[in-house]
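1 is the number of the first residue of the sequence shown in the UniProt record's numbering; add one for each residue after it. All C-beta atoms in this analysis are idealised placements derived from N, C-alpha and C, irrespective of residue type, glycine included. Only a predicted model underlies this, so the values are computations on that prediction, with no experimental measurement involved. See structure below.
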Amino acid sequence: MSPSTYQPNVPAYTVPGLKPDTAAEVIFLLQDRLNALNDLALTLKHVHWNVVGPHFIAVHTMLDPQVDSVRVMVDDVAERIAALGGSPLGTPGALVRQRDWDDYAIGRADTHTHLAALNVVYGAVIEAHRAAIYATEKADPVTQDLLITQAGHLEQFHWFIRAHLETEAGTPANQEGHDEKAAAERGRNGSATRVQEARQTPAPWRGGPRAGGR
């Protein structure tokens, strides 16, 4: 969100011990976080509806608790803006006008494709959250504390996503990806490669239990 897109008015009042012009700066940062979290909640729900593939149930059911938690974050950030004397903007139009990122571009796709893209989405949200944490360290430690708590939850959710993509060595399968669409394509290709390898691998012995087998 560029300064030319959204400039908060200096509030007529704010919390005790905080100057109104400082509060306006914090409100600006929080509005950007509000937009990002609203967008993240919608994106996670979109993936929940559109994910398919062999790991459908695992990913489908993993995402709803994340949606619920992010929605709580949205409410907390909006109420912090209001407490600082600002007016939180939560309409779809405001989100589209103020954001500096594109819509999530993937529709119906397999789990690995969506998870590869979500890995990038979460990374961007967390990076911006951390920047806001650093920016509010002196300006408003109370807001910083709120953002730190949220970042901890977001990083845990990111780990859940990333764990599906990691190799046995702990390296993300799409570690070179910084672009959501490119990461999704690598995820899609990686999934197809694993399917092809599985088809070429002899079927496991099915005669019954044996040492080292099922």
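Residues that residue i bridges to, as DSSP identifies them
i: A109; result: V51
Candidates the options, of which the one nearest residue i by Cα
i: A116; options: P11, H158, I126 and N38; result: H158
i: R97; options: I27, P141 and Q31; result: Q31
i: N38; options: D68, I148 and V59; result: D68
i: L34; options: H153, T167 and V125; result: V125
i: V77; options: E166, I161 and Q150; result: Q150
i: W101; options: H164, I27, L40 and D21; result: L40
Euclidean distance between Cα positions of residue i and residue j
i: G86; j: L18; result: 13 Å
i: E137; j: T43; result: 29 Å
i: T14; j: E79; result: 13 Å
i: I148; j: D140; result: 12 Å
i: A192; j: R71; result: Residue placement at A192 cannot be trusted, given a pLDDT of 45 that sits under 50; what the coordinates show is reported in the next sentence. Rounded to the nearest angstrom, the two C-alpha atoms are 34 Å apart.
i: D145; j: I106; result: 34 Å
i: F160; j: D103; result: 22 Å
i: I27; j: G123; result: 23 Å
i: A132; j: L84; result: 16 Å
i: R162; j: P65; result: 16 Å
i: T167; j: F56; result: 20 Å
i: A23; j: P92; result: 24 Å
i: E25; j: P54; result: 47 Å
i: P88; j: N9; result: 12 Å
i: K45; j: D21; result: 37 Å
i: P16; j: G90; result: 26 Å
i: T61; j: V121; result: 19 Å
Beta-carbon spacing of residue i, residue j below 9 Å
i: T111; j: V52; result: yes
i: N50; j: A128; result: no
i: L63; j: V47; result: yes
i: V59; j: H164; result: yes
i: L29; j: A94; result: no
i: R99; j: A36; result: yes
Residue i burial status per 10 Å Cβ neighbour count (16 or more: buried)
i: Q156; result: exposed
i: P11; result: buried
i: N119; result: buried
i: A82; result: exposed
i: T113; result: buried
i: E176; result: Note that E176 scores a pLDDT of 47, beneath 50, so its modelled location is shaky and nothing firm can be said.
i: G212; result: Residue placement at G212 is poorly supported in this model, since its pLDDT is 35, which falls under 50; the coordinates are not used for a value here.
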